[in-house]
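Student: Residue numbering for the sequence shown follows the numbering used here, starting at 56 and increasing by one per position. Below: one structure in structure tokens.
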Amino acid sequence: MANCTQCGRKLPAFSFQKICEWCVRHEAAKRGEEPEDAIQSVMPVPWAAGDSSSVIVTQAFFGINIAVFAAMALQGIAMDPNSQQLIHWGANYGPLTLGDQPWRLLTSTFVHIGLLHIFFNMWCLWDLGAMCESLYGHWTFAAVYLISGVAASLTSVWWRPVGVSAGASGAIFGIVGALIASHYLGEFSAPGFAVRSRLRSVVTFAGYALLFGAVSGRTDNAAHIGGLVTGLIFGALIARGAPERDALPRIVVVLCVGLVVLGAAAWLHRSRSYLIHAQRGDALVNENKPDEGAAELQLSIRQRPDYLPAHFGLAHAYFDKGQFSEAEAELNRVLQLQPSHAGARYELGMVYLHQRRIAEAKGEFTELLRTDKNDAYAHFGLGMALAAEENHQGALEEFKTAAQTQPDFSSAFYKIGLEETKLKQYDEAIADFRKQVENWGDDYATETALADAYQAKGMLGEA
């Protein structure tokens with residue numbers, strides 16, 4: 056639908072006119088072609104930007120983002136933060152966000168991952184935010200930005216439930232969506248070519264950014280799309296139903312969109328609650344509370360039977376409780392879901408060792424080594440199996456390979472020392488027990504084994 060070239064009002068459909076009826080009659084009245092007592096019809100004023108040039112909300116959001124980045128820089132983590140550091144600073148992480156920390160939906164929009172990330176986002180915010188704020192006004196712009204940011208975070212959690220996400224780009228895409236809908240559907244006092252040019256620029260930006268995100272694979276395009284769609288809805292409703300600032304219809308639009316986003320959050324919490332139970336279960340198992348952890352993990356599996364991390368965590372809980380048959384069943388389920396899961400195969404081998412099923416344990420560890428001959432855990436597990444068969448020389452070689460492949464393997468030197476003691480290589484055993492203590496500190500088992508080696512060598516004073 057075309058716009059009047061003079062005032063920007065929409066022209067009737069299938070009209071070949073260039074100016075609207077109001078402008079035609081207004082021009083005729085100025086030329087004296089209408090009677091002096093003719094009534095000039097009143098038509099709605101085209102939507103125009105406000106008179107005020109103040110963009111204090113844009114500046115405030117810009118300042119908050121910069122302040123958070125500066126605070127991270129003071130801790131030395133701003134340029135290349137890892138996932139745990141991002142979570143500490145308020146990034147979006149499904150198991151926490153959907154648990155008892157929903158505030159991450161908002162705080163994550165003020166956290167950034169490196170200098171280029173914040174530079175590009177702040178450049179876009181400064182430009183597009185000022186444009187949007189001058190069009191909508193302060194409080195409406197703030198609502199569009201914040202609600203779109205929350206919607207973007209929700210979409211990110213929905214798409215990648217256990218991913219970590221951060222950045223203002225979702226909220227910025229909300230601004231982009233609102234500007235697109237407003238420029239397409241709204242009536243402006245600016246010339247039509249100016250409105251169309253601005254619309255093309257914003258659409259081009261959105262298309263390029265989404266395409267770049269899809270190609271790069273490192274961009275959270277789910278958040279971008281969530282923010283964009285929310286912004287489109289905002290812009291369409293405001294342009295068609297609430298173009299006047301500070302009017303009740305504008306408040307109704309903001310409340311309605313906000314309630315829809317709130318409803319989406321409630322639905323997401325309900326549909327993804329299995330993540331919360333799995334995360335709690337893992338935490339409880341790590342705190343040496345396997346009974347409570349198993350209960351949470353079982354609840355997660357009831358809600359999502361094919362959720363692999365819950366099965367793997369439950370296997371750990373059963374292992375800690377000494378319920379090896381149940382642990383075996385869970386690990387086999389993990390391998391059904393993901394046959395290449397090396398961790399599950401290693402744990403299954405250890406379960407077999409505890410059940411004295413040595414041949415089956417060796418089979419699992421050997422299978423791991425067929426996949427990766429440098430798998431330190433597989434060499435360690437095979438060493439355990441050979442030691443159980445009293446093949447001490449073979450076990451010693453496997454433990455040494457594990458230590459060479461992964462020097463920080465926590466108990467490799469302890470196991471090497473044990474096998475050397477059994478082979479009566481006491482000097483080597485003493486040296487390796489000492490390495491274990493140097494690398495990992497004193498513990499009762501290592502100190503006892505070292506004392507036994509000293510005693511076997513006849514060094515009773517050291518023992």
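Ideal Cβ placement from N, Cα and C applies to all residues, glycine included.
To the nearest angstrom, how far is it from the Cα of residue 110 to the Cα of residue 183?
Tutor: Sequence index remark: in the sequence shown, residue 110 carries index 55 (1-based). Sequence index remark: in the sequence shown, residue 183 carries index 128 (1-based). Approximately 11 Å, taken between the alpha carbons.
Student: Sorted by chain position, which residues of the same chain lie with C-beta nearer than 8 Å to residue 387's C-beta, five sequence neighbours on each side aside?
Tutor: Within the sequence shown, numbered from 1, the residue matching residue 387 stands at position 332. Once the five neighbours on either side are set aside, the close Cβ partners of residue 387 are 403.
Student: Leaving aside the five residues before and after residue 339 along the sequence, list all residues of the same chain whose C-beta is less than 7 Å from its C-beta, in chain order.
Tutor: Locating residue 339 in the sequence shown gives position 284, where the first residue counts as 1. Answer for residue 339: 347, 348 and 351, listed in chain order.
Student: Are residue 207 and residue 262 closer than 9 Å when you measure CB to CB?
Tutor: Here residue 207 corresponds to residue number 152 of the sequence shown, with the count starting at 1. Here residue 262 corresponds to residue number 207 of the sequence shown, with the count starting at 1. No, Cβ-Cβ distance for residue 207 and residue 262 is not below 9 Å.
Student: Could you tell me the distance, in whole angstroms, from the CA atom of residue 83 to the CA atom of residue 75?
Tutor: Here residue 83 refers to the residue found at position 28 of the sequence shown. Here residue 75 refers to the residue found at position 20 of the sequence shown. Rounded to whole angstroms, residue 83 to residue 75 spans 12 Å at the Cα level.
Student: Using alpha carbons as the reference points, say which of 240, 318 and 379 lies closest to residue 202.
Tutor: On the sequence shown, position 147 is the one that residue 202 refers to. Ranking the options by Cα distance to residue 202, first place goes to 318.
Student: Closest by CA to residue 310, which one among 446, 289 and 294?
Tutor: Here residue 310 refers to the residue found at position 255 when the sequence shown is read from its first residue. With distances taken between Cα atoms, residue 310 lies closest to 289.
Student: Per DSSP, what kind of secondary structure is residue 137 in: helix, strand or coil?
Tutor: Counting from one through the sequence shown, the residue named residue 137 turns up at place 82. Three-state result, residue 137: coil.
Student: Since residue 428 is in the alpha helix (DSSP H), which residue starts that stretch and which ends it?
Tutor: In the sequence shown, residue 428 corresponds to position 373, counting from 1. Element bounds for residue 428: n/a, residue is neither H nor E.
Student: Figure out for me which residue from 395, 459, 475 and 469 has the closest Cα to the Cα of residue 447.
Tutor: Position 392 of the sequence shown, counting from 1, holds the residue named residue 447. Out of 395, 459, 475 and 469, 475 has the C-alpha closest to the C-alpha of residue 447.
Student: Of the residues 159, 80, 296 and 336, which one's Cα is nearest the Cα of residue 373?
Tutor: As a first step, residue 373 is located in the sequence shown; it is residue number 318 there, counting from the start. Residue 336 is the option with its Cα nearest to residue 373.
Student: Classify residue 334 as buried or exposed, calling it buried when 16 or more other Cβ atoms lie within 10 Å of its own Cβ.
Tutor: Translated into the one-based positions of the sequence shown, residue 334 becomes position 279. With 16 or more other Cβ atoms within 10 Å, it is buried.
Student: Taking the straight line between their C-alpha atoms, what separation do you get for residue 237 and residue 223?
Tutor: Your numbering for residue 237 matches position 182 in the sequence shown. Your numbering for residue 223 matches position 168 in the sequence shown. Their backbone Cα atoms lie some 21 Å apart in a straight line.
Student: How would you write the range of the alpha helix (DSSP H) that residue 120 sits in, first residue to last?
Tutor: Position 65 of the sequence shown holds residue 120. Here the alpha helix (DSSP H) through residue 120 covers 111-129.
Student: So what's residue 328 in DSSP terms, helix, strand or just coil?
Tutor: Working through the sequence shown from its first residue, we reach residue 328 at position 273. In the displayed model, residue 328 falls within a helix according to three-state DSSP.
Student: Strictly by DSSP, which residues pair up with residue 148?
Tutor: Within the sequence shown, numbered from 1, the residue matching residue 148 stands at position 93. Looking at the DSSP assignment, residue 148 forms a beta bridge with 219.
Student: Looking only at its own chain, which residues have a Cβ that is under 6 Å from the Cβ of residue 327, when we skip the five neighbours before and after it?
Tutor: Here residue 327 corresponds to residue number 272 of the sequence shown, with the count starting at 1. Cβ neighbours of residue 327 beyond the five flanking positions: 153 and 216.
Student: Is the beta carbon of residue 367 sitting closer than 9 Å to the one on residue 418?
Tutor: The residue given as residue 367 occupies position 312 in the sequence shown. The residue given as residue 418 occupies position 363 in the sequence shown. The answer is no: Cβ separation not under 9 Å.
Student: Once the 5 residues before and after residue 151 are set aside, which same chain residues still bring their CB inside 8 Å of it?
Tutor: As a first step, residue 151 is located in the sequence shown; it is residue number 96 there, counting from the start. For residue 151, where only same-chain residues beyond five positions count, the Cβ hits under 8 Å are 142, 159 and 334.
Student: Quick check on DSSP: helix, strand or coil for residue 273?
Tutor: For the purposes of this step, residue 273 is identified with residue 218 of the sequence shown, where counting begins at 1. The answer is coil: DSSP assigns residue 273 none of H, G, I, E or B.
Student: Pull up the distance between the alpha-carbon of residue 401 and that of residue 472, whole angstroms please.
Tutor: By one-based count along the sequence shown, residue 401 stands at place 346. By one-based count along the sequence shown, residue 472 stands at place 417. Rounded to whole angstroms, the gap between the alpha carbons of residue 401 and residue 472 is 23 Å.
Student: So, under 8 Å CB-CB, residue 187 and residue 133 are touching, yes? Tell me the CB distance rounded to an integer number of Å.
Tutor: Numbered from 1 along the sequence shown, position 132 holds the residue referred to as residue 187. Numbered from 1 along the sequence shown, position 78 holds the residue referred to as residue 133. Going by Cβ atoms, the distance from residue 187 to residue 133 rounds to 27 Å, so no, they are not a contact pair.
Student: Please state whether the Cβ-Cβ distance between residue 155 and residue 220 is less than 9 Å.
Tutor: Here residue 155 refers to the residue found at position 100 of the sequence shown. Here residue 220 refers to the residue found at position 165 of the sequence shown. For residue 155 and residue 220, no; Cβs fall outside 9 Å.
Student: What are the boundary residues of the alpha helix (DSSP H) that residue 455 is part of?
Tutor: In the sequence shown, the residue the question calls residue 455 occupies position 400. Counting along the chain, the alpha helix (DSSP H) containing residue 455 begins and ends at 447-460.
Student: Using a Cβ-Cβ cutoff of less than 7 Å, which residues in the same chain neighbour residue 461 once the five nearest sequence positions on both sides are dropped?
Tutor: The residue you call residue 461 lines up with position 406 of the sequence shown. Excluding positions up to five away in sequence, the list reads 431.
Student: Quick one: what's got a C-beta closer than 6 Å to residue 415's C-beta in the same chain, skipping five residues either side?
Tutor: As a first step, residue 415 is located in the sequence shown; it is residue number 360 there, counting from the start. Here the set comprises 407.
Student: Report all residues from its chain with a CB closer than 7 Å to the CB of residue 296; omit the five preceding and five following residues, and keep chain order.
Tutor: Locating residue 296 in the sequence shown gives position 241, counting from the first residue. Contacts found: 304 and 308.
Student: Kindly indicate which three-state DSSP category residue 343 falls into: helix, strand or coil?
Tutor: On the sequence shown, position 288 is the one that residue 343 refers to. Residue state, collapsed to three classes: coil.
Student: How far does the alpha helix (DSSP H) with residue 158 in it reach, from first residue to last?
Tutor: Here the question's residue 158 lines up with position 103 in the sequence shown. Neither: residue 158 is in no alpha helix (DSSP H) and is coded neither H nor E.
Student: By how many angstroms is the C-alpha of residue 395 removed from the C-alpha of residue 162?
Tutor: In the sequence shown, residue 162 corresponds to position 107, counting from 1. In the sequence shown, residue 395 corresponds to position 340, counting from 1. About 37 Å.
Student: Going by other Cβ atoms of all chains shown within 10 Å of its Cβ, with 16 needed for buried, is residue 437 buried or exposed?
Tutor: In the sequence shown, residue 437 corresponds to position 382, counting from 1. Classification of residue 437: buried, given that the 10 Å Cβ count is 16 or more.
Student: Starting from residue 364 and walking both ways along the alpha helix (DSSP H), at which residues does that stretch end?
Tutor: The residue given as residue 364 occupies position 309 in the sequence shown. First-last of the alpha helix (DSSP H) with residue 364: 363-376.
Student: Under the three-state reduction of DSSP, which class applies to residue 187: helix, strand or coil?
Tutor: Position 132 of the sequence shown, counted from the first residue, corresponds to residue 187. Here residue 187 carries a helix assignment [DSSP, helix/strand/coil].
Student: Would you report the Cα separation of residue 196 and residue 323, rounded to the nearest angstrom?
Tutor: As a first step, residue 196 must be located in the sequence shown, where it is residue number 141. As a first step, residue 323 must be located in the sequence shown, where it is residue number 268. When rounded, the distance between both Cα atoms is 26 Å.
Student: Look at the alpha carbon of residue 497 and the alpha carbon of residue 513, and state the distance between them as a whole number of angstroms.
Tutor: Along the sequence shown, one-based indexing puts residue 497 at 442. Along the sequence shown, one-based indexing puts residue 513 at 458. Those two C-alpha atoms are separated by around 22 Å.
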